[in-house]
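Enquirer:
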Amino acid sequence: MLTTIVVATISALIPLLALRLAKRFFRRADRLRRENRPANGDEPIRIPYARAATDLMPLINHLPDHAGASFESAELWVFGSDGRYVLKDNGKRWQEQLTKWSDGGLTIKYILMDADDDVRRAFADICADAENLEVLVLKADNDLDVRLCNELDTCHPTLFMAEDGKHAAWIEGLHYRDSEYAYAVRYYSPNVLRDRRRERAEFDSYREKMERVIANCEPVAAQAAIV
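Adding 1085 to a residue's 1-based position in the sequence shown gives its number in my numbering.
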């Protein structure tokens, strides 16, 4: 009787253990896939859903090795919308990466539309540790077109710009406010932006739009001091 119970118990546990091992395997395989996407491929990369800390970070980190793009004298423009990503589960990793990029010589402009008090304080703390990070908040008395703001608030573009022309772009099809996830993401490598006219035109368009927004912003520290 005891033997039958033991055999039955083991038989019931085997599928559960196999399922756990399979889940662990696929999670690891998915992580490796995300961390090893080619940062300078010849085709645009399309990602159904993504997060900055797990999908965007590795691509930027691979640019020096894959594309020979130096962080020195390069700029990264990030459109962060409400900025609440830094308060999410992966927010700490994202904060640490921003500091590492800054320490590595990458100049970062992080653009926020209407961050709340918690977000402003969090970014003020990050800026204290990251010399090359400038966090900008849209002024209340800005003269921007509402349609432009809504477009950027949906697409959350991130642009990497190097002096040698080895640029890259991350453009999101949809990103809800207060969400970690972006959907229908397009990544354009330096090779893609060099060889493809349509993707390069899209990059230039977003660069011009972000320049207009930056001109209507002020440093986050200025607004944080008021709160």
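Yeah, the Cβ is synthetic: ideal placement off N, Cα and C, and Gly gets one too.
1) How would you call Val1163, buried or exposed, if buried means at least 16 neighbouring beta carbons within 10 angstroms?
2) For Arg1136 versus Glu1303, is the C-beta distance shorter than 7 Å?
3) DSSP three-state call for Leu1233: helix, strand or coil?
4) Along the chain, where does the alpha helix (DSSP H) that runs through Gly1176 open and close?
5) Looking at Asn1052: is its Cβ nearer than 7 Å to the Cβ of Asp1127?
6) The alpha helix (DSSP H) that contains Arg1285, what's its start and end?
7) When you compare the CB positions of Ala1209 and Ser1187, do they come within less than 7 Å of one another, or not?
8) Am I right that Phe1245 and Ile1145 are in contact with their C-beta atoms under 8 Å? What's the rounded C-beta distance?
9) For Ala1159 and Ala1286, what's the separation of their Cα atoms in angstroms?
10) Can you tell me the Cβ-Cβ gap for Tyr1134 and Tyr1268, rounded? I've got them flagged as a contact below 8 Å.
11) Could you check where the alpha helix (DSSP H) with Leu1221 kicks off and where it finishes?
12) Residues in its own chain within less than 8 Å of Val1204 by CB, not counting five upstream and five downstream?
13) Taking His1151 as the reference, give the member of Ser1274, Val1220, Leu1183 with the closest Cα.
14) From which residue to which residue does the alpha helix (DSSP H) around Ala1209 run?
15) Helix, strand or coil for Leu1161, going by three-state DSSP, please let me know.
16) Looking at the unbroken beta strand (DSSP E) that takes in Pro1133, where does it start and where does it end?
17) According to DSSP, is Ala1124 part of a helix, a strand, or is it coil?
18) Tell me the DSSP bridge mates of Phe1245?
19) For Ala1107, which three-state DSSP category applies?
Expert: Let's see:
1) Around the C-beta of Val1163, 16 or more other C-beta atoms lie within 10 Å, and the residue is accordingly described as buried.
2) It is not a contact, given that the beta carbons lie outside the stated cut-off.
3) DSSP places Leu1233 in helix when its eight states are reduced to three.
4) Looking at the DSSP string, the run of the alpha helix (DSSP H) that includes Gly1176 is 1176-1188.
5) Because the chain is modelled from 1086 through 1312, residue 1052 falls outside the range shown and cannot be assessed.
6) Membership of Arg1285 in the alpha helix (DSSP H) is indicated by the continuous run 1282-1299.
7) For Ala1209 and Ser1187, no; Cβs fall outside 7 Å.
8) Right, their Cβ atoms sit about 6 Å apart.
9) About 20 Å.
10) Taking 8 Å as the upper bound for CB-CB distance, Tyr1134 and Tyr1268 are in contact here, some 5 Å apart.
11) According to the DSSP assignment, Leu1221 belongs to no alpha helix (DSSP H) but to the beta strand (DSSP E) extending over 1218-1223.
12) Its chain contains Asp1167, Gly1168, Arg1169, Val1171, Leu1172, Leu1197 as the residues whose beta carbon lies nearer than 8 Å to that of Val1204, once the 5 sequence neighbours on both sides are disregarded; these appear in chain order.
13) Minimum Cα distance to His1151 is reached at Ser1274.
14) Where Ala1209 is concerned, the enclosing alpha helix (DSSP H) stretches over 1202-1214.
15) Strand.
16) For Pro1133, the enclosing beta strand (DSSP E) begins and ends at 1130-1135.
17) Correct three-state label for Ala1124: coil.
18) Checking the DSSP bridge columns, you'll see Phe1245 partnered with Leu1161, Ala1253.
19) Model confidence at Ala1107 stands at a pLDDT of 45, short of 50, so the residue's coordinates are unreliable and nothing is read from them.
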